[in-house]
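Protein chains in written order, with our numbering: chain A, 1 to 250; chain B, 1001 to 1130. All C-beta atoms in this analysis are idealised placements derived from N, C-alpha and C, irrespective of residue type, glycine included. None of these values were measured; they are calculated from a predicted model. Data block below; observations after.
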Amino acid sequence: MCDTCGCNVTPGNRDLAEGRQATQVLGNLLQVNDSQAMHNRTHFNQHGVFSVNLMSSPGAGKTALLEATAELVKSGLRIGVIEGDLETENDADRIRACGVPVVQICTGTACHLDAHMVHDALHELELAKLDVLFVENVGNLVCPASFDLGQHRNVALLSTPEGDDKPAKYPVMFRSADMVLLTKRDLAPYMPEFDTARAVNFVRQLGNAAPILEVSAKSGDGLDGWVDWLKRGVAELRSNLSFPTTAAGG
Amino acid sequence: MHELAICQALIDQVTTVARDNNASRVSGITLEVGPLSGVVPDLLSNAFSIAAAGSVADGASLTIELSPVRVWCKACQAESDAKINRLVCAQCGDWRTELRSGDEMLLRSVVLEDAESDLPARQSEEEGNV
C-alpha cells in the first residue's frame, strides 16, 4: 500500500527506493595500467631480465648514459632498450649504432609511457637474450612518475646544469627513485653553484634513502658504480623469486 | 598533463561498476587524491568533464577528497604531518620516514541511478586494489 503514498520511503532507504545506490569501490584509479604493469613484470621475472625505468628532464643525458653503458658492458651484460619520445627515431638510432636491440615508441603528444605501450614494445624484443632492459621514459619530471610500467627499479637523472634543487621542486619524481644519478659531472668546474651535498639533502628530505652517484657519460667518471649496481640488480633478481620492486609508486 | 589519461581510466572503471550493477547512469563519483600522487585535483576536475562526455557518467558530480601528507618516523616512531617536499619527522627531524598518507589516487565510491535495488551495495573485491 505504501508504494502508493510513498510513506515507506524514509531518509534511510530513500536512495534505494529511488533506484539510487551508493557503491563502495576503493580501487586505484590506474588499476588497468597497474594490472598491465604486473603482467609486464611477470614477463621480466620469467626471463630474469632486470628492468629499469629511466626518468629525467629532457636533455639530462638519458641517451648518452645508455650509449656509455652499452660500451662499458659490451662483454658483461646483454642490454636492450625501449625508447620513449614524442617524436623521431633519433634516440633509437643512437642506441642501435651501439649494437644494442632497441624499440622506439613515439607517443605523439602523450607526456609519459604507460604499461600498455611498454607491453606492445616488448613483443618486438627477445627477452630471453637480455640481462637488463632499460625503458627510457619521455623526458618529463612530472607525469612518468605516476605510471607503473612493470619495472623493477626507477632511476632518476639530475644533470648538473639543471641545479641542485630539482628534487625539492619535483618531489613526486625523486621520491619514486631507487637510484639517483647526478649526471654531466664533467661540467662541475664550470658550475660550482651546483652543490652535491645540497642535492643529496633534498633527496633525503623526501624520505628517500636511494643511492646517489655522480657520473659523467662523457668522461666515464663514476660509471663503474652504476654498472656494478646494474650487475647486482641482475644477480639479486635471479637469486630471489620474491624480488622486491620499486620503493614508491611501483 | 596526464590527468586526462587518468580520467579516461576512471571512466572505464566507473562504466564497469555501472554495468555490473545494471545502472543506467552514474550521478556522483568520489575520489581520494593525495598531493604525492602526482595528480592535480583542479586539472583532474577539468579533464573529467571531457572524459565523461557521452559516457555513463556524463554530467556526474565529481568530489575529490584530499588526503593529508602524513609520515611515520622509523627513528622515534612518531606520526606527523609533513610538507610534500619535506617528508621529515616533525618530532625529531629525522628523514628516515615512511609515508602513511598522501600518495593516494583512489576511486572511493560511485552513486548509481536506476540500479537494481535487490543487489546489495557491495564492497566489490574485483574492483579493489590489485
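Boundaries of the beta strand (DSSP E) in which residue i is found, first to last residue
i, result
"Val73/A", "Counting along the chain, Val73/A falls outside any beta strand (DSSP E), and DSSP gives it neither H nor E."
"Gln205/A", "From DSSP, Gln205/A is part of no beta strand (DSSP E); its letter is neither H nor E."
"Val1014/B", "Careful: Val1014/B lies outside any beta strand (DSSP E), inside the alpha helix (DSSP H) at Glu1003 to Asp1020."
"Arg1100/B", "Thr1097 to Ser1101"
"Arg185/A", "Element bounds for Arg185/A: n/a, residue is neither H nor E."
"Glu87/A", "From DSSP, Glu87/A is part of no beta strand (DSSP E); its letter is neither H nor E."
"Phe50/A", "Phe50 to Met55"
"Thr107/A", "Careful: Thr107/A lies outside any beta strand (DSSP E) and carries neither H nor E."
"Gly1028/B", "Arg1025 to Val1033"
"Leu213/A", "Ile212 to Glu214"
7 Å Cβ shell around residue i - same chain, five flanking residues per side excluded
i, result
"Ser1024/B", "Glu1113 and Asp1114"
"Ser1055/B", "Ile1011 and Thr1015"
"Glu1104/B", "Glu1032, Val1033, Gly1034, Ser1037 and Ser1067"
Endpoints, alpha helix (DSSP H) assigned at residue i
i, result
"Asp228/A", "Leu223 to Ser239"
"Gln21/A", "No alpha helix (DSSP H) contains Gln21/A, which is instead part of the beta strand (DSSP E) from Gln21 to Asn28."
"Asn45/A", "Gln31 to His47"
Own chain, CB closer than 8 Å to residue i, minus 5 neighbours either side, in chain order
i, result
"His116/A", "Asn33 and Gln36"
"Thr107/A", "Gly84, Asp85, Leu86, Leu113, Met117 and Val138"
"Val142/A", "Cys111, Tyr170, Val172 and Met173"
"Glu71/A", "Cys98"
Contacting residues, own chain, Cβ-Cβ under 6 Å from residue i (five flanking each side not counted)
i, result
"Glu193/A", "none"
"Ala1082/B", "Val1069 and Val1071"
"Leu1004/B", "Ala1047"
"Val1130/B", "Since pLDDT at Val1130/B reaches only 37, below the 50 mark, its modelled position is unreliable, and no value is offered."
"Arg198/A", "Asp164"
Rounded straight-line distance, which links the Cα of residue j to that of residue i
i, j, result
"Val132/A", "Val1014/B", "37 Å"
"Lys184/A", "Thr1030/B", "45 Å"
"Leu30/A", "Asp1012/B", "10 Å"
"Val103/A", "Leu149/A", "15 Å"
"Pro211/A", "Glu162/A", "20 Å"
"Gln24/A", "Val234/A", "41 Å"
"Gly249/A", "Ile1064/B", "Caution applies to Gly249/A, whose pLDDT of 41 falls short of 50 and renders its modelled position unreliable; the value that the coordinates give is listed next. Between Gly249/A and Ile1064/B, the C-alpha separation is close to 20 Å."
"Leu213/A", "Pro1041/B", "35 Å"
Supposed close pair residue i, residue j - CB separation, criterion 8 Å
i, j, result
"Val1033/B", "Leu1043/B", "Val1033/B to Leu1043/B, Cβ: 11 Å. No contact."
"Met55/A", "Asn208/A", "Not really, about 14 Å apart at Cβ, beyond 8 Å."
Every unbroken alpha helix (DSSP H) within the region 109 to 179 of chain A, with a cutoff of 4 residues, ordered by chain: Runs found: 115 to 122, 166 to 169 and 171 to 175.
Residue ranges of each beta strand (DSSP E) run of no fewer than 3 residues wholly in the region 1039 to 1093 of chain B, ordered along the chain? 1061 to 1066, 1070 to 1073 and 1079 to 1081
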